[in-house]
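According to UniProt numbering, the sequence shown is numbered sequentially starting from 1.
A virtual CB, placed ideally from N, CA and C, is assigned to each residue, including glycine.
Here is the structure we will look at.
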Amino acid sequence: MKCEASLDHPPFYYSIHRHSIRGMNMPKLNKFLQYLTEAGFRVSRTHFDPTGVRTDATLEQFKSVLTKYSVPTNTNASVPQTSVSMDKTL
1 MKCEASLDHP PFYYSIHRHS IRGMNMPKLN KFLQYLTEAG FRVSRTHFDP TGVRTDATLE
61 QFKSVLTKYS VPTNTNASVP QTSVSMDKTL
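Set out below in structure tokens:
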């Protein structure tokens, strides 16, 4: 028998870290919850996983929203490269 309180929560649970994309920075968890809500899905956090999200979105929909709001990781240094001249005048 299910507890009545659990009936109020969305049926699926996903970990935002498990479904993150390599080479991409995912959005902050609270922002991601907001994006899912704005997309029309029911959302709540889990008590057993700090990166867990309960939602009525399918895995495909969940990943679609996550991909939409993830940004590429900048692997290059932000300092512009300058060429060094090896020309020595004597």
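- [ ] Taking all protein chains shown into account, decide if THR55 is buried (16 or more other Cβ within 10 angstroms of its Cβ) or exposed.
- [x] buried
Task: Environment of VAL43 [buried if 16+ CB atoms lie within 10 Å] - done: buried
Open item on the list: Strictly under 9 Å for the Cβ-Cβ distance: is LYS28 near chain D by that measure?
Closed with: Included in the structure is just one protein chain, with no chain D present.
Task: First through last residue of the beta strand (DSSP E) which encompasses SER15 - done: 12-15
Task: Residue of LEU59, MET24, LYS28 minimising C-alpha distance to ASN74 - done: With distances taken between CA atoms, ASN74 lies nearest to MET24 out of LEU59, MET24, LYS28.
Task: DSSP three-state assignment for ASN74, whether helix, strand or coil - done: coil
TODO: Take the Cβ of VAL71 as the centre, count every other Cβ of all protein chains shown within 10 Å, and call the residue buried at 16 or more, exposed below.
DONE: exposed
Task: Given LEU33 as reference, the closest of ARG18, HIS47, VAL53 once Cα atoms are compared - done: VAL53
TODO: Figure out for me which residue from GLY40, LEU29, LEU59, GLU38 has the closest Cα to the Cα of THR46.
DONE: Check the Cα spacing between THR46 and each of GLY40, LEU29, LEU59, GLU38: the tightest is with LEU29.
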